[in-house]
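Everything below concerns the one structure shown next.
Residue numbers (our numbering), protein chains in the order written: chain A, -1 to 354; chain B, 192 to 516.
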């Protein structure tokens, strides 16, 4: 009866391996030119990759702690790291009060991973409204008539829906709940929108890797994860209907389509919202991930190293981003960020000037 | 403690070194008390903002809504108490069985190795229990144990209030693996070595004369156990359980992995829940200095302290009554 098959254990091991990759660069005491960052686990795969590649070319070594966006904000406000990383944009008041500069680095997508025995999850079609109702406990079975109506070709099992969410405070949760709040007013009213919300149904697991593990372990589960975590764990991800009512599959193309229209000049702190954008091929849950940098650094050399690292990544980071399905920002947005770096000052002088 | 210092004063002649020694002993004892008091005070002070804002209702409010900054401790308190008591219910009979087997039935050469193996359970770090619970036990619970329990106990009528908006549905819930029952089982395994080892020591301290008397009267092993051994050491047996309960109430890492982290009052044995310790562990990284959330987490820490204290004090009271009877 006790059938712990090795495949399941291997899957579990892989889930853990991802979080281990994110933590590999966290090592001992940082040397003088090492830089430290903490926050977003959503962006951890790409930052870790960029650090590996820039390090190989003589760049600063990055110690990045993938502790979640909420913790990233707290840590940079307390100045325990050189930069914070968050997928939830920080409000203008809080940025000003804590002397922080915010800039986006790249765009990633949140996908719905499912575990449905006997059903090809990548053929499953879902709408934002249905997903919202699942997370509110209103749709409890996979053979619910609303799911059946849009999936005539699939044999949906009479299995309980088991939603999984992030137990820790998370930017992925912020992007995901913002999307569900846009398509479902009752979700916004009852569950709310933010890095940590008032869930009405489902189980919480720690970290992107924990949610991936919970979905892999439970029949009938669905969970939201950053796309890189889903692909690394070979999870099945569902199609979603977008703003135009078209069903799209998650792919670099559908993410890029959603990211293309974003206007980074509208908000003084470059915050953008790319959820539920209009366009036939747009993936509906897409978000930028941000870096938070003190404008009054105590250690100017390290602050300069941080900007140098991102400068390098903006120039050379595209192959890694393509590989991990993140979308780079348009070149003129990166130029805008480089000019904004002049706000990071010491004794009235900019700490770092990007070479053109 | 006081009896010891008293006897020193009686037997030893007044001598400066003796006086210094007894003062040193008193200081050692006071360090514990002062530390305990200081922790309690600081927890209350740091959490005061939460009590001031939500009032005493904070303790029995079921709200947990970070976006609107509405917080209540009830789901976490209920999760903590119910997971710990379920764990005791599972671990007590097993622990007693192990201890009785080791002292009465076990062939002598096996006693040592078996005892060590059980004590080794206590040496496993709690994060390992958490990972095992999450990756091995939870899927097994979901695929096998929970469906069986649902079917077997389907006859239990749910307890609901008048409009059925809230209730308790026993074992009728989706089998998702993680949840209250799975957390209790992991906790039970974690506290088992404490209960078994303490119970074994208690049983070994039972006067052999009593047991031999029983056997000489022609009593069976069962009759000796229920009629002679258990009544003789009843109070101390309870103490062994206390040891386990104390550990279960505050366990954090393993519980966070398997309890399901839902800040809702559980409505079945399979429902995901939260314990005070797991809520603090999950939410602490996000709680900014000076924020209401940080105050809420400190207030929760204070409540865990109080809850543990009340439970253990109550258990000690029962223990004392048991001894006097």
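We treat Cβ as the ideally placed atom computed from N, Cα and C, and that holds for glycine.
On a predicted model such as this, the values are computed, not experimentally measured, just so you know.
Per-residue burial, residue 298 of chain B [other beta carbons within 10 Å of its own, 16 or more giving buried]: exposed
According to DSSP, residues forming a beta bridge with residue 139 of chain A: A:158
Candidates B:420, B:377, B:407, B:402, of which the one nearest residue 451 of chain B by Cα: Nearest C-alpha to residue 451 of chain B: B:377.
Residues that DSSP places opposite residue 33 of chain A in a beta bridge: For residue 33 of chain A, the beta-bridge partners assigned by DSSP are A:60.
Local conformation of residue 230 of chain A per DSSP, three classes: Three-state result, residue 230 of chain A: helix.
Which residues DSSP lists as bridging residue 480 of chain B, in chain order: The partner list for residue 480 of chain B (beta bridge, DSSP) is empty, contrary to what the question assumes.
Euclidean distance between Cα positions of residue 345 of chain B and residue 335 of chain B: If you take the alpha carbons of residue 345 of chain B and residue 335 of chain B, they lie about 16 Å apart.
Chain-order list of residues whose beta-carbon lies under 7 Å from that of residue 353 of chain B (same chain, five-residue window excluded): none
Own chain partners of residue 397 of chain B with C-beta closer than 6 Å, once the 5 adjacent residues on each side are dropped: Around residue 397 of chain B: 420, 423, 424.
Cross-strand partners of residue 255 of chain B (DSSP beta bridge): B:262
Contact with chain A by residue 473 of chain B, beta-carbon distance below 7 Å: yes
Where residue 479 of chain B meets chain A, residues with beta-carbon distance less than 7 Å: 72, 75
Cα-Cα separation, residue 307 of chain B to residue 494 of chain B: 36 Å
Local Cβ density within 10 Å of residue 333 of chain A, reported as buried at 16 or more and exposed below that: exposed
Spatial neighbours of residue 253 of chain B in its chain, beta-carbon cut-off 7 Å, leaving aside the 5 residues before and after: 263, 265, 266, 456
Under the three-state DSSP convention, the category residue 474 of chain B falls into: helix
Residue 442 of chain B, DSSP secondary structure in three states: coil
Every unbroken alpha helix (DSSP H) inside the segment 331 to 383 of chain B [4 residues or more]: 337 to 343
C-alpha distance - residue 184 of chain A paired with residue 68 of chain A, whole-angstrom precision: 25 Å
Identity of the residue in A:220, A:212, A:294, A:133 nearest residue 189 of chain A by Cα: A:133
Chain-ordered chain B contacts of residue 119 of chain A [CB-CB under 7 Å]: Within chain B, no residue comes near residue 119 of chain A; the closest Cβ sits about 18 Å away, beyond 7 Å.
Residue interval of the beta strand (DSSP E) (run including residue 84 of chain A): 81 to 84
Counted within 10 angstroms of its Cβ, other Cβ atoms place residue 313 of chain A as buried (16 or more) or exposed: By the 10 Å Cβ count, residue 313 of chain A comes out exposed.
Alpha helix (DSSP H) segment containing residue 212 of chain B, residue limits: Run containing residue 212 of chain B: 207 to 245, per the alpha helix (DSSP H) assignment.
According to DSSP, residues forming a beta bridge with residue 106 of chain A: A:285
Interfacial residues, the segment 192 to 207 of chain A to chain B, with Cβ spacing under 9 Å: From the segment 192 to 207 of chain A, only 192, 193, 194, 195, 196, 197, 198, 199, 200, 201, 202, 203, 204 have a Cβ closer than 9 Å to chain B.
Beta carbon of residue 473 of chain B nearer than 7 Å to that of residue 165 of chain A: yes
Test: residue 105 of chain A CB closer than 7 Å to a CB of chain B: For residue 105 of chain A, the answer is no, since every Cβ of chain B falls outside 7 Å of its Cβ.
Beta-carbon gap between residue 432 of chain B and residue 374 of chain B smaller than 7 Å: Contact annotation: residue 432 of chain B and residue 374 of chain B have beta-carbon atoms that are not nearer than 7 Å.
Residue 393 of chain B - DSSP class collapsed to helix/strand/coil: helix
Distance between residue 279 of chain B and residue 384 of chain B (C-alpha atoms, nearest Å): 12 Å
As assigned by DSSP and simplified to three states, the class of residue 186 of chain A: helix
Proximity test, Cβ basis, 7 Å: residue 392 of chain B and chain A: Using a CB distance cut-off of 7 Å, residue 392 of chain B does not count as an interface residue toward chain A.
Cβ-Cβ distance between residue 273 of chain B and residue 466 of chain B below 7 Å: no
Beta carbon of residue 209 of chain A nearer than 7 Å to that of residue 463 of chain B: no
Exposure of residue 351 of chain B, with buried meaning 16 or more beta-carbon neighbours within 10 Å: Residue burial annotation: residue 351 of chain B is exposed, with fewer than 16 other C-beta atoms found within 10 angstroms of its C-beta.
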